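Chemist:
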Amino acid sequence: MSDNAYKDRIPVSQQALVIENNEPEKIGGTINIEINGTPYKVPFGMTILESCKMHNIHIPTLCFHEDLCIAGVCRICLVEVEGMRTLQASCAYPITQSIKIHTSSEKVRKARRHILDLMISDHYGECYSCNRNNNCELQKLAKEYGVDFYRYGHVQEPFYEVDKSSYSVVRDMNKCILCRRCVRTCIDLQEVGALDAVNRGYDTKITTFLDKPLAEVICINCGQCINRCPTGALRANDPSDEIWEAIDNPQKHVVIQTAPSPRAAIGEEFGLPAGTSLTNELNTALKMIGFDKVFDTNFTADLTIMEEGTELLLRLKSALVDKDPNVKLPQFTSCSPGWVKYIEHFYPEYLDHLSTAKSPQQMFGAVIKTFYAQEENIDPANIVSVALMPCSAKKFECNRPEMDSSGFKDVDYGLTTRELAQMIKEAGIYLPELSKSKFDEPFGEASGAGLIFGATGGVMEAALRTAYELVTGRPVPFENLEVLPCRGMEGVRQASVHLENVKPEWSFLEGVDLNFMIAHGTANAEKVMEALRRGELNDIHFIEVMACPGG
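Residue 942 is where the sequence shown starts when you use this note's numbering, and the numbers rise one by one after that.
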């Protein structure tokens, strides 16, 4: 077969890539194109979708997500390219030659409407009862394209049973549109692989290994699939009803701890810009809802930091002074429940490397059910401990059977930001307009180290401060250290601190370089763990891992 005959048999987008390979000088250059009659210059190889986004031209999408690899399965992003017989998926069409594009022609609009009609015909569920109502990408597009009746009918009965087996994630595949965002998130972004697509054609579905309940497979409860699901097919397991029941029970003493991240994110649920801190207003709202006490998780973040930093020094002493061959180095952080679940599934031989310190959430729960109960003369059985956290894995963590050292569950319920925002709205409260109030004593004070705990590198920086000051009696001179910063968004980072002029009791650390690594996202954690298996990290003393990208 001649080269031209072969070229005629492959898709146009791949033909363009053949041109790219034959003319490498074009790479890095720009190409003149026309979008809706207007000329533009775009980088060679950029997709049509990216080019339109760069020039503020809207193209709807469902399967596309900036964090994930291209799938091109929803076809909502179809555009018309002059000279092409069929419409092209703009998310998967690289621009390698001058073309004329139409993003909203009659043909394109009808195709998008037709695709939406077909999706909705196979989509069970009434929008008003869905947790994603008014925040659903499919619903938004249906309104945008005037889909106001079921042109091809509508599913009247659910086909799949809702999977509520997991403490963290609820799967309702009746609402799934097969965009595969969850699959790509789990496989490519997190490299876990708890979800995948099976079968073909109309029988295609997203499922787990052997269609088992989510609680019985290798899901690490990180909730990244929930963050990227465009519909209500995946959602957090919401304990709001149980919490309301406890609040309404006069026999129960209900306390809540709040982490820094939700306090900065909850404003978005009330129309405020991302990052608007409503810490003190939130304290007021929680009291109005009916919580008896409102505490700051940063208090036990400080305790966790002190325990992890001290434990690291004791492990170093066992290794360097006592020459204990059984000491486990490097030490891993243990405050990310998704990371702990990941290492249990994939690297169980390294479980002893995890710090023995509980996470701030669980440490706070233990303090509430012991010290606080004694101080306030309250029966721990009548205390309901709630945690406001940014991570769905925290829901699983508080239900781990070992988290009951006091004889009671350390933490009874975990709430996400959206769930608490819904409770506040249900109580008829508009959060931004509330007066400010402080956290309740005795757990209302905390350091800045606890505040950075949730961000990638935050635990490492805080623990490093503690260990350095404990050993030298001086604060860490970050401004004089030529090391990579702890904080940052690189997937894997490495740095070291040189110890000198240490206290006499820590003399064995004189002149030692304390080496540490930071990773966020379990895909990056896998790189670190495989390097450790190969013996490439024998000089590393401490590794921080957060299961979620960004911390």
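Glycine is no exception: its CB is placed at the ideal position from the N, C-alpha and C atoms. Model, not experiment: these values are computed from the prediction.
If you pair each beta-carbon of the segment 1057-1066 with each one of the segment 1152-1165, do three or more pairs fall below 8 angstroms?
Modeler: Contact between the segment 1057-1066 and the segment 1152-1165 is absent, because fewer than three Cβ pairs lie under 8 angstroms.
Chemist: Assuming Pro1321 and Ala1328 are in contact, meaning their beta carbons sit under 8 angstroms apart, how far apart are those beta carbons, in whole angstroms?
Modeler: Incorrect: roughly 16 angstroms between the Cβ atoms, too far for contact.
Chemist: Can the beta-carbon of Val1281 be found less than 7 angstroms from the beta-carbon of Phe1232?
Modeler: No; because the gap between Cβ atoms is not below 7 angstroms, this pair is not in contact.
Chemist: Is the segment 1138-1151 in contact with the segment 1087-1095, if contact means three or more CB pairs nearer than 8 angstroms?
Modeler: As far as the Cβ criterion goes, the segment 1138-1151 does not touch the segment 1087-1095, which means the pair count is below three.
Chemist: Would you kindly work out how many angstroms separate the C-alpha atoms of Ile1000 and Leu990, rounded to a whole number?
Modeler: Cα to Cα, the separation comes out at about 7 angstroms.
Chemist: By the three-class DSSP mapping on this structure, what secondary structure does Gly1491 have?
Modeler: Note: Gly1491 maps to coil in three-state DSSP.
Chemist: With DSSP as the reference, label Met1344 as helix, strand or coil.
Modeler: Coil.
Chemist: So, Ala1177 versus Ile1167, is the Cβ gap smaller than 7 angstroms?
Modeler: Contact flag set, yes.
Chemist: Measuring alpha carbon to alpha carbon, tell me which of Ile1040, Gly986, Leu1009 and Arg1016 ends up nearest Asn977.
Modeler: Ranking Ile1040, Gly986, Leu1009 and Arg1016 by Cα distance to Asn977 puts Ile1040 first.
Chemist: Under DSSP, the alpha helix (DSSP H) around Asn1221 begins and ends at which residues?
Modeler: From DSSP, the alpha helix (DSSP H) with Asn1221 extends over Thr1220 to Ile1230.
Chemist: Quick one: any contact between the segment 1270-1286 and the segment 1331-1349, if contact means 3 or more CB pairs under 8 angstroms?
Modeler: The segment 1270-1286 is in contact with the segment 1331-1349.
Chemist: Would you check if the distance between the CB atom of Thr1199 and the CB atom of Gly1208 is smaller than 7 angstroms?
Modeler: Cβ atoms of Thr1199 and Gly1208: not closer than 7 angstroms.
Chemist: What does the Cβ neighbour count give for Tyr1143, buried or exposed, with the cut at 16 atoms within 10 Å?
Modeler: Exposed is the call here.
Chemist: Consult DSSP for Asn962 and reduce its assignment to one of helix, strand or coil.
Modeler: Caution applies to Asn962, whose pLDDT of 44 falls short of 50 and renders its modelled position unreliable; the value that the coordinates give is listed next. Asn962: helix per DSSP, three-state reduction.
Chemist: Per the DSSP calculation, Glu1485 is bridged to which residue(s)?
Modeler: Answer is Ile1459, bridged to Glu1485.
Chemist: How many whole angstroms separate the CB atoms of Ser1300 and Cys1276, which I take to be in contact at a CB cut-off of 8 angstroms?
Modeler: About 4 angstroms; that satisfies the 8 angstroms criterion.
Chemist: Whole angstroms are fine: how far does the CA of Pro1203 sit from the CA of Phe1380?
Modeler: When rounded, the distance between both Cα atoms is 15 angstroms.
Chemist: Please go through the same chain and pick out, in chain order, the residues whose beta-carbon is closer than 8 angstroms to the beta-carbon of Val1433, but skip the five residues on each side of it.
Modeler: Result list for Val1433: Met1458, Ile1459, Ala1460, Asn1465, Lys1468 and Val1469, in chain order.
Chemist: Name the one or two DSSP bridge partners that Gly1355 has.
Modeler: Answer is Ala1328, bridged to Gly1355.
Chemist: I think Tyr1101 touches Asn1115, with their Cβ atoms under 8 angstroms apart; what is that distance to the nearest whole Å?
Modeler: Right, their Cβ atoms sit about 5 angstroms apart.
Chemist: Keeping to the same chain, check which residues put their C-beta closer than 6 angstroms to that of Gly986; ignore five residues upstream and five downstream.
Modeler: Cβ within range, chain order: Pro1035.
Chemist: Would Val1400 and Thr1274 be called neighbours here (beta carbons separated by less than 7 angstroms)?
Modeler: Yes, the pair counts as a contact, with Cβ atoms nearer than the cut-off.
Chemist: Can you tell me whether Glu1186 is buried or exposed? The criterion is at least 16 other CB atoms within 10 Å of its CB, across all chains shown.
Modeler: Exposed, because fewer than 16 other Cβ atoms sit within 10 Å of the Cβ of Glu1186.
Chemist: Cα-Cα, which of Gln1080, Met1060 and Leu1059 is closest to Tyr1069?
Modeler: Of the listed residues, the one whose Cα sits closest to Tyr1069 is Gln1080.
Chemist: Nearest to Glu1210 by alpha carbon, out of Val1235, Asn1076, Asp1265 and Glu1382?
Modeler: Per the Cα distances, Asn1076.
Chemist: Quick check: the Cα distance between Gln1038 and Arg1122, rounded to an integer number of angstroms?
Modeler: Cα to Cα, Gln1038 sits roughly 30 angstroms from Arg1122.
Chemist: Can you round the beta-carbon distance between Cys1032 and Ala1488 to whole angstroms, since I take them to be within the 8 angstroms contact cut?
Modeler: Wrong, their Cβ atoms sit about 28 angstroms apart, outside the cutoff.
Chemist: What does the Cβ neighbour count give for Cys1010, buried or exposed, with the cut at 16 atoms within 10 Å?
Modeler: Classification for Cys1010: exposed.
Chemist: Which value, in whole angstroms, describes the spacing of the CA atoms of Val1325 and Ile1309?
Modeler: For Val1325 and Ile1309, the distance between alpha carbons rounds to 9 angstroms.
Chemist: Do Pro984 and Thr1002 have their CB atoms nearer than 7 angstroms?
Modeler: No, the Cβ-Cβ distance between Pro984 and Thr1002 is not below 7 angstroms.
Chemist: Does Arg1141 pass the burial test, meaning 16 or more other C-beta atoms within 10 Å, or should it be called exposed?
Modeler: When all chains shown are included, Arg1141 counts as exposed.
Chemist: Around the C-beta of Gly1452, are 16 or more other C-beta atoms found within 10 angstroms, so that it is buried, or is it exposed?
Modeler: Gly1452 is exposed by the Cβ-count criterion.
Chemist: Terminal residues of the continuous alpha helix (DSSP H) containing Ala1368?
Modeler: That residue, Ala1368, is in no alpha helix (DSSP H); it is neither H nor E in DSSP.
Chemist: Alpha carbon to alpha carbon, how far is Pro1271 from Val953? Give it in angstroms, no decimals.
Modeler: Reliability of the predicted coordinates at Val953 is poor, the pLDDT of 44 falling under 50, and no value is obtained from them.
Chemist: Taking the CB atoms as reference points, tell me whether Ala1012 and Cys1018 lie closer together than 7 angstroms.
Modeler: Not in contact: Ala1012 and Cys1018 (Cβ atoms no closer than 7 angstroms).
Chemist: How many Å lie between Pro1383 and Thr1358 at the Cα?
Modeler: Rounded to the nearest angstrom, the two C-alpha atoms are 24 angstroms apart.
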